[in-house]
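Trainee: Be aware that the sequence shown starts at 2, since it is given in my numbering, and climbs by one per residue. All C-beta atoms, glycine included, are put in the ideal place defined by N, C-alpha and C.
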Amino acid sequence: MALQLGDIAPDFEAQTTKGPLKFHDYIDGSWAVLFSHPKNFTPVCTTELGYTAKLKPEFDKRGVKVVGLSVDALNAHDKWAQDIKETQGYSLNFPLIADPDRKIANLYGMIHPNASDSLTVRSVFVIGPDKKIKLTLNYPASTGRNFDEILRVIDSLQLTAKHQVATPVNWHYGEDVIIVPAVTDEDAKKKYPAGWTAPRPYLRIVAQPRG
Ligand code: BEZ
């Protein structure tokens, strides 16, 4: 069965562009993003990896470790890294897993046989410090992902992990949030003494908690 939200992200050992990696040890105590690429030396993947390298300071700021995966061999990754730097203007600054035997791709269900029986789809797993899967995405090979959206989701996940709030449609960091239904009005009054707006009793909107 496919990995689902709340499942423990499976552990694995891998060769990467930054040396050998044992996944659970590597992410220990941090948030993580594991994402797959169909194939090296392909145009969409090249743009995605360059953009993710550009965003690395944003992931660092949020305490998130980023790990890429491609089913090509490690020596091909090194050569491709050079292309990424030259064409996208950013060097690969996070580990890119070499998974030529598709061991990890199969473990994570990144190969969807009815799309391609040998290449991974564009999968994303956001994993929490408890090693549980918080978000999964699967995009087709022809559609580049929106890594700004992945950062936005992480902002929401990190906020909701800390405070009993949810984030509304198209929310961005700093905007108003929603008090979750599990919080009674009585408890909400203690948490938010300045109050909230409630166009419906179940829709309680409050300024984003800080800290
Ligand atoms: C790409 O990254 O451009 C790509 C990879 C596999 C199939 C189609 C496009």
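Please state whether DSSP places Leu-138 in a helix, a strand or coil.
Mentor: strand
Trainee: Using 7 Å as the cut-off, classify the Cβ of Thr-168 as near or not near the heavy atoms of the ligand BEZ, replying yes or no.
Mentor: no
Trainee: Would you kindly work out how many angstroms separate the C-alpha atoms of Ala-74 and Arg-153, rounded to a whole number?
Mentor: 32 Å
Trainee: Could you confirm whether any beta carbon from chain D is found closer than 8 Å to the beta carbon of Ala-99?
Mentor: Looking at the structure shown, chain D is missing, and only one protein chain is on hand.
Trainee: Between the segment 64-81 and the segment 90-101, do at least 3 Cβ pairs fall closer than 8 Å?
Mentor: yes
Trainee: Can you tell me the Cα-Cα spacing of Tyr-193 and Leu-158, whole angstroms?
Mentor: So the two alpha carbons sit approximately 20 Å from each other.
Trainee: Please classify Glu-150: does DSSP put it in a helix, a strand, or coil?
Mentor: helix
Trainee: Would you mind sorting Ser-143 into buried or exposed? The rule is 16 or more other CB atoms within 10 Å of its CB.
Mentor: exposed
Trainee: Where do the N-terminal and C-terminal ends of the beta strand (DSSP E) with Thr-198 fall, by residue?
Mentor: 198-201 is the span of the beta strand (DSSP E), which, as asked, contains Thr-198.
Trainee: When you compare only the Cα positions, how much space is there between Arg-13 and Lys-191?
Mentor: As written in the sequence, residue 13 is Phe, which differs from the Arg given in the question. Computed Cα separation, rounded: 44 Å.
Trainee: Using a Cβ-Cβ cut-off of 7 Å (strictly less than) and excluding sequence neighbours within five positions of Val-166, which residues of its own chain qualify?
Mentor: Leu-160, Val-178, Ile-179, Ile-180, Val-181, Pro-210
Trainee: Tell me which residue opens and which closes the beta strand (DSSP E) that Gln-16 is part of.
Mentor: 14-17
Trainee: Would you say the beta carbon of Val-278 comes nearer than 7 Å to a heavy atom of the ligand BEZ?
Mentor: The structure shown does not extend to residue 278, since the chain is modelled only from 2 through 212, so no value can be given for it.
Trainee: Closer than 7 Å: is that where the CB of Ala-142 sits relative to any heavy atom of the ligand BEZ?
Mentor: Ala-142 Cβ: within cutoff of the ligand BEZ.
Trainee: Whole-angstrom Cβ separation of His-38 and Gly-69, contact assumed at under 8 Å?
Mentor: 6 Å
Trainee: Confirm the yes/no value for this check: CB of Val-67, any heavy atom of the ligand BEZ, distance under 7 Å.
Mentor: Checking every heavy atom of the ligand BEZ against the Cβ of Val-67, none is found closer than 7 Å.
Trainee: In its own chain, which residues sit with a C-beta less than 6 Å from the C-beta of Val-45, not counting the 5 before and 5 after it?
Mentor: Counting only residues of its own chain and dropping the five nearest sequence neighbours on each side, Val-45 has a CB closer than 6 Å to the CB of Gly-145.
Trainee: Check whether the segment 21-39 touches the segment 76-84, taking contact to mean three or more Cβ pairs, one atom from each stretch, closer than 8 Å.
Mentor: no
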